[in-house]
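**Student:** Next up is a structure, given as structure tokens.
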């Protein structure tokens, strides 16, 4: 399941691009943000499960070896930190969306 390793990096980048595409529609931006962070949290827990089950995961991004390419590695510590951070981010996003009066402070 090494294909899961780049997803917590790629999904927020795609979500940012999609959020720019939907423009000023706050409902669409909120839906994109919630769906992307939920997907990142799912990937984080899937990575945590795989690391706990099979040991550390590693992959070479773009197929290049280590001195030139980027090596993505997930061990128990990094997978746990990723899972905790994704839960905190999703919780903060839900809290921020639920705040009253944020519509008039919107930039854009």
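Numbering (this note's numbering), first residue to last: 124 to 231. Every residue, glycine too, gets a C-beta built ideally from N, C-alpha and C.
(1) Please work out which residues of its chain come closer than 7 Å, Cβ to Cβ, to residue 198, disregarding the five sequence neighbours upstream and downstream, and give them in chain order.
(2) Which residues share a DSSP beta bridge with residue 196?
(3) Along the chain, where does the alpha helix (DSSP H) containing residue 138 start, and where does it finish?
(4) Quick one, are the C-beta atoms of residue 171 and residue 202 less than 8 Å apart?
(5) What's the call for residue 152, buried or exposed, on a 16-neighbour Cβ count within 10 Å?
**Tutor:** In this structure, then:
(1) Translated into the one-based positions of the chain shown, residue 198 becomes position 75. Cβ neighbours of residue 198 beyond the five flanking positions: 174 and 179.
(2) Within the chain shown, the letter at position 73 stands for residue 196. For residue 196, which the question treats as bridged, DSSP gives the partners 181.
(3) Within the chain shown, residue 138 is the residue found at index 15, counting from 1. Residue 138 -> alpha helix (DSSP H) spans 130-145.
(4) By one-based count along the chain shown, residue 171 stands at place 48. By one-based count along the chain shown, residue 202 stands at place 79. For residue 171 and residue 202, yes; Cβs fall inside 8 Å.
(5) By one-based count along the chain shown, residue 152 stands at place 29. It counts as buried.
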